[in-house]
Amino acid sequence: MLIGEVVGSVVSTRKDEQLESFKLLVVQVRDHANKPKEQYVVAVDAVGAGPGDVVLYASGSSARQTTITKDKPCDAVVMAIVDSWDVDGENVYEKWS
Amino acid sequence: MYLGRVTGRLVATVRYEGLESVKLQLLEPVNEAGRSTGEQLVAACALDVGPGDLVHFIDGREAALALPDETFVPVDVAITGYAEQAHVEGATLPQEAPR
Amino acid sequence: MMLADVIGTVVSPSEQVPALEGRVLLVVRPLTPGGDPVSAKPRVAIDTIGAGVGDRVLVIDEGNSGRQILGAPDAPVKTLVVGFVDNVEVGGRLVYDHAEAL
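Those protein sequences? They're chains D, C and E, same order as listed.
Residue numbering for the first sequence follows this note's numbering, starting at 1 and increasing by one per position.
Residue numbering for the second sequence follows this note's numbering, starting at 98 and increasing by one per position.
Residue numbering for the third sequence follows this note's numbering, starting at 197 and increasing by one per position.
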C-alpha cells in the first residue's frame with residue numbers, strides 16, 4: 001500500500017455503468033517523511049474517507065478485493081485512514097496533533 | 098517476492114473490514130547489498146517482525162493470501178517472513194540498515 | 197517467465213507462513229536474454245528444482261501459475277524457480293550456452 005492525502009474528489013456523470021455508486025477520491029502520494037510527491041491517483045473509497053484525510057490505498061487486482069469493487073473496473077481503493085506512523089522510532093505523522 | 102527492511106509502524110483505526118487483526122508496517126525494499134532501493138511501501142503483516150528487521154515480502158493479489166484469517170481483503174503488499182539470514186553474492190546482508 | 201541468475205539464499209524460520217514451510221528460498225537477479233542484469237531489484241523465489249547459487253534459471257512471477265505448480269491453491273506464493281536454462285537463442289543466434297558457460 002502507499003500513503004496519500006485525499007486532496008479532492010471526482011464527479012463523473014457519464015461513466016461505465018459498473019462504476020456507478022463509487023465515491024472517487026483524488027489522492028496525492030506522500031513519502032515516509034510525510035512529504036507530498038508529484039504522484040496522484042484516483043481511488044475508490046471503501047472506508048468513508050474525505051478531503052484532508054491521510055489514507056492508505058491498495059492498487060492493482062488487490063483493489064478489487066472489497067465487496068463494493070469486486071469484479072468491477074477498479075485499480076485503486078482507499079482501505080484505511082491513517083492515524084499516525086513512526087520511522088526509526090520517531091513519530092512522523094500524528095492525525096490528532 | 099522481494100527482500101525489504103521494516104522501518105516503522107503505522108496506526109490506522111479506520112480500516113476495511115477484515116483487516117482488524119493485521120499490523121501495518123512501513124517497508125523499504127532492498128537491493129543485492131541490503132541497501133534501500135528508495136521505494137517506500139506500507140505492508141500488512143501477521144508475523145512477529147518489527148522495525149529494523151530484514152524480511153521477505155510479496156506484492157499484488159497474492160499479498161492478501163499471506164494473512165491468516167480473511168484473505169478477501171484489499172491488501173497489495175504483505176510480509177511473508179523474517180529473513181534470519183540472507184546470503185547474496187557471497188556476502189551476508191546486514192541485519193541493521195547500512196549507513 | 198523470465199531468465200535469472202541465482203545469486204543468493206534466504207534462511208527464514210519456516211513455520212511463519214505454512215505454505216513456505218520446508219521450502220528453499222533463493223535470491224535471483226532478473227536478466228535480459230543475453231545475460232545482462234535488468235535494472236530491477238532482486239527477487240526472492242521458491243526453489244522447485246534444486247537450483248543453487250550460480251545457476252541460470254527460469255523464473256515464474258505470477259501467482260496462479262505458482263500455486264498450480266506447488267499444488268497449493270491459497271498459498272501466498274508468486275515467484276518460483278521452475279527450470280534450469282540450457283541455452284538461449286535470439287534471432288537465430290545462440291546468446292547463452294550452459295555448456296560453454298561452465
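Idealized CB from N, CA, C, for every residue including glycine.
Remember, predicted model here, so these are calculated numbers, not experimental data.
Nearest residue (CA-CA) to residue i, options the options
i: ARG64 of chain D; options: D:VAL44, D:ARG14, D:SER97 and D:GLY48; result: D:VAL44
i: THR225 of chain E; options: E:ASP257, E:ASP293, E:ARG263 and E:ASP282; result: A small correction: the amino acid at residue 225 of chain E is Arg; Thr does not occupy that position in the sequence shown. With distances taken between Cα atoms, ARG225 of chain E lies closest to E:ASP257.
i: VAL78 of chain D; options: C:GLY101, C:VAL152 and C:VAL111; result: C:VAL111
i: VAL29 of chain D; options: D:ALA46, D:LEU19, D:ASP71 and D:ASP53; result: D:ASP53
i: VAL87 of chain D; options: D:ASN34, D:ARG14 and D:GLU17; result: D:ASN34
i: THR67 of chain D; options: D:PHE22, D:SER97 and D:VAL41; result: D:PHE22
i: VAL27 of chain D; options: D:GLY50, D:LEU19, D:VAL11 and D:ASP16; result: D:GLY50
i: PRO214 of chain E; options: C:THR189, C:PRO165 and C:ASP173; result: C:PRO165
i: LEU190 of chain C; options: E:VAL223, E:ASN260, E:MET198 and E:MET197; result: E:VAL223
i: VAL127 of chain C; options: C:VAL119, C:ASP145, C:LEU151 and C:LEU116; result: C:LEU151
i: LEU123 of chain C; options: D:ILE3, D:TRP96, D:GLY8 and D:LEU19; result: D:ILE3
i: GLY115 of chain C; options: C:GLU186, C:ALA140, C:GLY187 and C:VAL172; result: C:VAL172
i: ALA295 of chain E; options: E:VAL281, E:VAL286 and E:GLY288; result: E:VAL281
i: PRO321 of chain E; options: C:GLU125, C:ARG102, C:ASP145 and C:GLU117; result: As displayed, chain E neither begins before 197 nor continues past 298, which places residue 321 of chain E out of reach and without an answer.
i: TRP96 of chain D; options: D:GLU90, D:SER84 and D:GLY89; result: D:SER84
i: VAL255 of chain E; options: E:GLY218, E:ALA268, E:PRO269 and E:LEU227; result: E:LEU227
i: MET198 of chain E; options: E:LEU216, E:VAL206 and E:PRO238; result: E:PRO238
i: ASP71 of chain D; options: D:TYR57, D:LYS37 and D:GLU17; result: D:GLU17
i: TYR93 of chain D; options: D:PRO36, D:SER61 and D:TYR40; result: D:PRO36
i: LEU298 of chain E; options: E:LEU216, E:GLY267 and E:ARG252; result: E:ARG252
i: GLU117 of chain C; options: C:VAL170, C:PHE154 and C:MET98; result: C:VAL170
N-terminal and C-terminal residue of the alpha helix (DSSP H) that residue i is part of
i: GLN264 of chain E; result: 259-266
i: GLU296 of chain E; result: 294-297
Beta carbon of residue i nearer than 8 angstroms to that of residue j
i: LEU100 of chain C; j: ALA271 of chain E; result: no
i: ALA109 of chain C; j: ALA80 of chain D; result: yes
i: HIS32 of chain D; j: THR104 of chain C; result: yes
i: LEU107 of chain C; j: LEU121 of chain C; result: yes
i: VAL6 of chain D; j: LEU25 of chain D; result: yes
i: VAL166 of chain D; j: VAL55 of chain D; result: With chain D covering only 1 through 97, there is no way to say anything about residue 166 of chain D.
i: GLU186 of chain C; j: GLY204 of chain E; result: yes
i: ARG102 of chain C; j: ALA175 of chain C; result: no
Extent of the continuous beta strand (DSSP E) run through residue i
i: SER84 of chain D; result: 84-87
i: PHE154 of chain C; result: 151-156
i: GLU193 of chain C; result: Premise fails: GLU193 of chain C is in no beta strand (DSSP E) and is neither H nor E.
i: ASN283 of chain E; result: 283-286
i: HIS184 of chain C; result: 182-185
i: PRO209 of chain E; result: From DSSP, PRO209 of chain E is part of no beta strand (DSSP E); its letter is neither H nor E.
i: GLN28 of chain D; result: 24-30
i: TYR113 of chain C; result: First-last for TYR113 of chain C: undefined, no H or E at that position.
i: PRO126 of chain C; result: 120-126
i: GLU90 of chain D; result: 90-94
i: LYS37 of chain D; result: 36-45
i: ASP305 of chain E; result: With chain E running from 197 to 298 in the structure shown, residue 305 of chain E is simply not present.
i: GLU5 of chain D; result: 2-10
Residue i beta carbon near the ligand ZN (any heavy atom closer than 7 angstroms)
i: GLY262 of chain E; result: Of ligands this structure carries none, so the ligand ZN is not represented either.
Practice task
Residues of the segment 198-226 of chain E with a CB closer than 9 angstroms to any CB of chain C: list them in chain order, please.
Solution key: Cβ contacts with chain C: ILE203, GLY204, THR205, VAL206, VAL207, SER208, PRO209, SER210, GLN212, VAL213, ALA215, LEU216, LEU221, VAL223 and ARG225.
Problem - Interface positions of the segment 127-161 of chain C facing chain D (Cβ-Cβ less than 8 angstroms), listed along the chain - result: Residues of the segment 127-161 of chain C whose Cβ lies closer than 8 angstroms to any Cβ of chain D, in chain order: GLN137, LEU138, VAL139, ALA140, ALA141, PRO148, GLY157, ARG158, ALA160 and ALA161.
Practice task
Check whether the segment 127-134 of chain C touches the segment 152-169 of chain C, counting contact only when three or more Cβ pairs, one atom from each stretch, lie closer than 8 angstroms.
Solution key: Contact fails: fewer than three Cβ-Cβ distances are below 8 angstroms.
Exercise for the section: Below 8 angstroms between beta carbons is the criterion; list the residues of the segment 107-124 of chain C that meet it against any residue of chain D, in chain order. Expected result: LEU107, VAL108, ALA109, THR110, VAL111, ARG112, TYR113, LEU116, LEU121 and LEU123
Handout entry: Touch test, the segment 175-182 of chain C against the segment 230-237 of chain E, Cβ-Cβ under 8 angstroms, three pairs minimum
Key = no
Problem - Contact set between the segment 64-76 of chain D and chain C, restricted to residues whose Cβ is under 9 angstroms from the partner - result: ARG64, GLN65, THR66, THR67, THR69 and LYS70
Problem - Contact list for the segment 225-255 of chain E against chain C, Cβ threshold 9 angstroms - result: ARG225, LYS237, PRO238, ARG239, VAL240, ALA241, ILE242 and VAL249
Problem - Any 3 or more C-beta pairs closer than 8 angstroms across the segment 242-260 of chain E and the segment 277-288 of chain E - result: yes
Problem - Residues from the segment 267-282 of chain E in contact with chain C, defined by Cβ distance under 9 angstroms - result: ASP270, ALA271, PRO272, VAL273, LYS274 and THR275
Problem - Near-chain E residues of the segment 170-189 of chain C - C-beta to any C-beta below 8 angstroms - result: ALA175, THR177, GLY178, TYR179, ALA180, GLU181, GLN182, ALA183, HIS184, VAL185 and GLU186
Exercise for the section: Using a Cβ-Cβ cut-off of less than 8 angstroms, list which residues of the segment 85-96 of chain D approach chain F; keep chain order. Expected result: Going by chain labels, chain F is absent from the structure shown, which instead holds the protein chains D, C and E.
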